[in-house]
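Which chain is which? The protein sequence lines are A and B, in order. This note's numbering puts the first sequence at residues 12 to 253. This note's numbering puts the second sequence at residues 12 to 253. Scroll down for the structure; my scribbles are underneath it.
Protein chains: 2
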Amino acid sequence: MNEASLLDRVRIVLTRTSHPGNIGGAARAMKTMGLSRLVLVSPHVFPSEIATARASGANDVLENAQIVGSLEEALSGTVFSAAMTARRRELSLPMQWSREAVGTVTRYAAQGDVALVFGNESSGMTNEELALCHLPVMIPANAEYSSLNLAAAVQILCYEMRMACLVRPEAPDGAGVSAEFGEVEGFYGHLEQAMIESGFHDPANPRKLMPRLRRLFGRVRLEKEEVGILRGILSALQRKVD
Amino acid sequence: MNEASLLDRVRIVLTRTSHPGNIGGAARAMKTMGLSRLVLVSPHVFPSEIATARASGANDVLENAQIVGSLEEALSGTVFSAAMTARRRELSLPMQWSREAVGTVTRYAAQGDVALVFGNESSGMTNEELALCHLPVMIPANAEYSSLNLAAAVQILCYEMRMACLVRPEAPDGAGVSAEFGEVEGFYGHLEQAMIESGFHDPANPRKLMPRLRRLFGRVRLEKEEVGILRGILSALQRKVD
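This is the structure we're talking about:
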């Protein structure tokens, strides 16, 4: 797999972007680094002449952008996703700095589609959005002024992706085939349902149970076969409960 | 010397910038990475509300920006300068990619002030401007679309500077004290004068002699003592010519 085809597997996902200029700036940043797959989750204003002006020749990236209504849709079919965050959060997965994170993302790109996810300009990503991703990523910014422009953050990550892809990536740890987003989400849904049926989990009083479980399974990066095994166990247990 | 004081030695020099928005974007990019010293060479429009709006909280960087009339002034007192360029040029010094270049710049920052120089948005740097700097630097962009926004290029280099400064830099090769900009320029002036007096160099038919000599001496990064020796030799030879 060569550099270009690895970069073709990277989706840049912008969630709930407020300013269309930043979408254009992100498209330009992507194209300068050889990335082309832009996915917009519920952008406030798009398409827009402001976005097109800021894209400055990267119009093809804007024109081919996929617009979806949820982060789940944006991540459909991916085997790995990393989410930018400006701060450490309670119950989040272990964080990586941008350079290290891009190495991880590149290794998964050898297996299938991957995503770099960027939140809203002011509010960033919600905890729910973050929980859908495998890896929280921080750019090592000035602690006294960490307010990176959204397009500038996209530029840094795309630059790091290009740098990482110039070196042929190693395979991810272990030899198994990574489960894709939908398979893992199917497992979480199955697990939650089984916990509710068994009386262990009360959605009215959730005690952060699902975030804790997502954190646990998110860390191991499940393989396809493992998802099959876990769901087999759940199904077996559910029959016992009946 | 700690990380912060190294970053305090880095000047970001923007030459003949056309769009004030890019000056504001550059100030914001600098501050997110902990850099503060902005030098503007003959900006087309500055100060400007557009610059202030794009700086988005990095107003202190804009307010403290130094405005000068020439790149020579901007580089005064520096011991090392690196210039961004989008293409390889005839007779230029050996080029480095951005990541490698920032390592070099960081090592010189342990000795004194250093500069990262960015040309005009459309025309880049002139060959004359480039000849005043020690190191041409390229950002490894997509060959089919290398049009980085100016503020985005500043963001990448400032990010790389911050990453480089997180690791304590080694001293530059050798133990000598680097000559500063004015000392080296003084030597070039002296050399040119001596060549003219001797009849070797005809300014009306320059045969790219000075660019070739700048390329030669630029590569070795002269030390203070060496400049003294070279000028001593020139003075001695000039007395012979008389």
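Every residue, glycine too, gets a C-beta built ideally from N, C-alpha and C. None of the values given here were measured: they were computed from a predicted structure.
For residue 89(B), the three-state secondary structure derived from DSSP is coil. Within the segment 15-47 of chain A, the residues whose Cβ lies closer than 8 Å to any Cβ of chain B are, in chain order, 36, 39, 40, 42, 43, 44, 45. Around residue 225(A), no beta-carbon contact reaches into chain B at under 7 Å, the shortest distance being about 30 Å. Comparing C-alpha distances from residue 197(B) to each of 95(B), 238(B), 47(B), 77(B) shows the shortest one belongs to 238(B). At a beta-carbon threshold of 8 Å, none of the residues of chain A lie near residue 95(B); the nearest stands roughly 13 Å away.
Considering only beta carbons, the part of the segment 59-91 of chain A lying closer than 8 Å to chain B consists of 67, 68, 69, in chain order. With the rule of 3 Cβ pairs closer than 8 Å, the segment 18-26 of chain B counts as touching the segment 48-56 of chain B.
Residues of chain B whose Cβ lies closer than 8 Å to the Cβ of residue 174(A) are, in chain order, 110, 151. Note that the C-beta distance between residue 85(B) and residue 24(B) is below 8 Å.
Under the Cβ criterion of 8 Å, residue 131(B) is not counted among the residues facing chain A. Proximity of residue 160(A) to chain B, defined by a Cβ-Cβ separation below 8 Å, is satisfied. Neighbourhood of residue 142(A) in chain B, by CB distance below 8 Å: empty, with the nearest CB roughly 27 Å away. For residue 166(B) and residue 202(B), the gap between their C-alpha atoms comes out near 38 Å. Counting only the Cα atoms, residue 58(A) lies some 49 Å from residue 248(A). Chain A places no beta carbon closer than 8 Å to that of residue 204(B), leaving this residue out of the contacts. In the DSSP assignment, residue 57(A) falls outside any beta strand (DSSP E) and carries neither an H nor an E. A distance below 6 Å between beta-carbons, with the five flanking residues on each side excluded, links residue 79(B) to the following residues of its chain, in chain order: 52, 85.
Nearest CB-CB separation between residue 134(A) and chain B: not below the 8 Å threshold.
Not one beta carbon of chain B lies nearer than 8 Å to the beta carbon of residue 120(A).
Assignment of residue 80(A) by DSSP, reduced to helix, strand and coil, places it in the coil class. Non-local beta-carbon contacts of residue 145(A) in its own chain, meaning distances under 8 Å to residues more than five positions away in sequence, involve 91, 92, 93, 104, 229, 232 in chain order. Within chain A, the residues 163, 166, 167 have their CB atoms less than 7 Å from the CB of residue 166(B), given in chain order.
The CB of residue 177(A) comes closer than 8 Å to the CB of 151 in chain B, given here in chain order. The DSSP-derived three-state label of residue 115(A) is helix.
As a beta-bridge residue in DSSP terms, residue 234(A) pairs with 189(A). Boundaries of the beta strand (DSSP E) harbouring residue 127(A): 125-129, taken from the DSSP string. At least one CB atom of chain A sits nearer than 8 Å to the CB of residue 170(B).
Secondary structure at residue 150(B): coil, using DSSP grouped into helix, strand and coil. Distances from the CA of residue 245(A) to each of 153(A), 199(A), 36(A) were compared; the closest alpha carbon is that of 199(A). Pairing residue 43(A) with residue 140(A) gives a Cβ-Cβ distance that is not under 8 Å.
Per DSSP, residue 173(B) lies in no beta strand (DSSP E) segment; the continuous alpha helix (DSSP H) that holds it begins and ends at 161-177. Within its own chain, the residues whose Cβ lies closer than 6 Å to the Cβ of residue 36(B), once the five positions on either side in sequence are excluded, are 65, 162, listed in chain order. The beta carbon of residue 157(A) sits closer than 8 Å to some beta carbon of chain B. Of the candidates 29(B), 28(B), 68(B), 122(B), the residue whose Cα lies closest to the Cα of residue 187(B) is 122(B).
DSSP places residue 135(A) in the strand class (E or B) of the three-state scheme. In the DSSP assignment, residue 73(B) is bridged to no other residue.
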